[in-house]
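Here the structure is laid out as structure tokens; the discussion comes afterwards.
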Amino acid sequence: MSFTTANGVRLHTTALGAGPPVVMLHGLLIGSLASWYFTAAPALARTHAVQLYDLRGHGLSDRPVDGYDTATMAADLAALIGDRPERVDLVGHSYGALVALAFARAHPDRVRRLALVEAPLPPATFADEHGFLTAGPDHMIAALPPGLREAIAGGRRQAARLLATLRALAYETTLLADLRAEPDLDAAALAAVTAPTLCVYGDRSSCRPAGERLAAQLPDARLAILPGGHYLHLDAKDALTALLVDHLAEHGDG
Amino acid sequence: MTLDPATAAILATVERLVIEVAGDEITLAGPLTLTTSFNADLELESIEFVALAEQLQAHYGAQVDFVGWISTKQLDEIIALTVGDLVTFIAART
């Protein structure tokens, strides 16, 4: 297992494949680098150097008390990427997509292509609708995708460990407060992003209006809708993977 | 059931690395067998399964291309993986 200290936090990282660099970011709470490892990452690794990492507080990375705002997490990403001559591609799911977007706003010259999967806007929307912000962590289980919810209801070890993680993030860190305080992004804020951007949303997802807004307001973006909900890497694994492979293929330098 | 020595050796390595990534209480219900399911029986978290793959890769080297193997599988196949599936995969490449 590999660990890299970035922005003062010890992050669990996994590198797959070889080729042009792409960094993939997972979503909050139940996400980890496994979200991509078992879905789109292996296919992208056939043609790219894929860098996966556990966001702060998640997976096997350290769980600092604070710094769960997109600006700090984009600084984690900047430190992880380090100084390198070539631009990187970024793929993010949910809040991980917002972190990728924050990085692309701060460093437009360092991003070649961007893929935003189910990025929620305003950022707290997704958590609000599912009661993450108002209910205790025990109710977070109710907001999980059905398959996972059932597995946990029938399980023992996995359920206990997931609940412990949710409780720790909710009660021992500023994650929920940071999420609540995360500002919305307007057209002026999005205008800084120059990378060609693919926005992918589920036809049954409550986040879909965010995708329509991003596709309209980002300077160079297109929207793809796939059958599924918020956890599109699980609901539409093969279709999402094909879209990402195509978007990140070498179409010139653009 | 008696395993041939090569299979038994891989099984022992898998068990050692499972304990390394998930803690030794993971084998409280008994030692790993070829029919033990990573998800239904051991209840490994997905990130622990990644950690196991990383440790296997470090132990066996690049010829055990775990990610290439995973890339050919559907999610339900990954969820249903047994210790025996993994041992067979490793045995074919070592």
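If you're matching them up, the sequences are chains A and B in order.
For the record, in the first sequence the residue sitting at position 172 is 172 according to this note's numbering, with numbers rising by one throughout.
For the record, in the second sequence the residue sitting at position 73 is 1073 according to this note's numbering, with numbers rising by one throughout.
Where is the CB? At the ideal position from N, CA and C, for every residue including glycine.
Since this is a predicted model, take the numbers as computed values, not measurements.
Partners in chain A for residue 1061 of chain B, counting only beta-carbon separations shorter than 7 Å
None at all; the shortest Cβ gap to chain A is about 15 Å.
When you compare the CB positions of residue 116 of chain A and residue 213 of chain A, do they come within less than 9 Å of one another, or not?
No, Cβ-Cβ distance for residue 116 of chain A and residue 213 of chain A is not below 9 Å.
Does the structure place the stretch 58-73 of chain A close enough to the stretch 7-17 of chain A that three or more beta carbon pairs sit under 8 Å?
Pairwise C-beta distances place the stretch 7-17 of chain A in contact with the stretch 58-73 of chain A, as three or more of them are shorter than 8 Å.
Nearest to residue 35 of chain A (by Cα), restricted to the options A:244, A:237, A:245 and A:246
Looking from the CA of residue 35 of chain A, the closest CA among A:244, A:237, A:245 and A:246 belongs to A:237.
Label residue 42 of chain A either buried or exposed according to how many other C-beta atoms from any shown protein chain fall within 10 Å of its C-beta, with 16 as the threshold for buried.
Buried.
State the DSSP-derived secondary structure class of residue 73 of chain A, mapped to helix, strand or coil.
Helix at residue 73 of chain A.
Quick one: give me the first and last residue of the alpha helix (DSSP H) that residue 241 of chain A is part of.
Judged by DSSP secondary structure, residue 241 of chain A falls within the alpha helix (DSSP H) whose first and last residues are 237-248.
Could you pull the start and end residues of the beta strand (DSSP E) that residue 63 of chain A belongs to?
Where residue 63 of chain A is concerned, there is no enclosing beta strand (DSSP E), because DSSP gives it neither an H nor an E.
So what does DSSP say about residue 157 of chain A, is it helix, strand or coil?
It is helical.
Apart from the five residues just before and just after residue 223 of chain A, which ones in its own chain have a Cβ nearer than 6 Å to its Cβ?
So the qualifying residues of the chain are 199, 211 and 215.
Going by beta carbon distance, what residues of the same chain come within less than 6 Å of residue 123 of chain A, once the five residues before and after it are set aside?
98 and 182, listed in sequence order.
Identify, in the order they occur along the chain, each residue of the same chain with its Cβ nearer than 6 Å to the Cβ of residue 239 of chain A, setting aside the five sequence neighbours on each side.
Once the five neighbours on either side are set aside, the close Cβ partners of residue 239 of chain A are 226.
Run the proximity test for residue 233 of chain A: is its beta-carbon closer than 8 Å to any non-hydrogen atom belonging to the ligand FMN?
The ligand FMN is not among the ligands present in this structure, which contains no ligands whatsoever.
Find the nearest neighbour of residue 49 of chain A within the set A:91, A:73 and A:197, judged by alpha-carbon distance.
Measuring from the Cα of residue 49 of chain A, the nearest candidate turns out to be A:91.
Compute the Euclidean distance between the alpha carbons of residue 254 of chain A and residue 59 of chain A, then round it to the nearest angstrom.
Its pLDDT being 43, under 50, residue 254 of chain A is placed unreliably in this model, and the coordinates cannot settle the point.
Could you list which residues in chain A have their beta carbon closer than 7 Å to that of residue 1046 of chain B, in chain order?
Under the 7 Å cutoff, chain A gives 32, 34 and 38.
Cβ atoms of residue 1 of chain A and residue 1095 of chain B: under 9 Å apart, would you say?
In the structure as shown, chain B begins at 1001 and stops at 1094. Residue 1095 of chain B is therefore absent and cannot be evaluated.
Near residue 89 of chain A, what residues of its chain come up, given a Cβ to Cβ distance below 6 Å and the 5 sequence neighbours on each side ignored?
Excluding the 5 residues flanking it on each side, residue 89 of chain A has same chain C-beta neighbours closer than 6 Å at 22, 112, 113 and 248, in chain order.
Can you tell me whether residue 105 of chain A is helix, strand or coil according to DSSP?
The three-state reading of DSSP puts residue 105 of chain A in helix, counting H, G and I together.
Drop a sphere of 10 angstroms on the beta-carbon of residue 1022 of chain B, count the other beta-carbons inside from all chains shown, and report buried for 16 or more, exposed for fewer.
So residue 1022 of chain B ends up on the buried side.
Please confirm whether residue 1098 of chain B has its beta-carbon closer than 9 Å to some beta-carbon of chain A.
With chain B running from 1001 to 1094 in the structure shown, residue 1098 of chain B is simply not present.
9 Å Cβ cutoff met for residue 1052 of chain B and residue 1038 of chain B
Taking 9 Å as the cut-off, the Cβ atoms of residue 1052 of chain B and residue 1038 of chain B count as close.
If contacts are defined as beta-carbon pairs under 8 Å, then residue 1070 of chain B and residue 103 of chain A qualify, I think. What distance do you get, rounded to the angstrom?
Actually they are not in contact, since the Cβ atoms of residue 1070 of chain B and residue 103 of chain A sit about 28 Å apart, beyond 8 Å.
Pick from B:1024, B:1033, B:1092 and B:1025: whose alpha carbon is nearest that of residue 1060 of chain B?
Among B:1024, B:1033, B:1092 and B:1025, the Cα nearest to that of residue 1060 of chain B is on B:1092.
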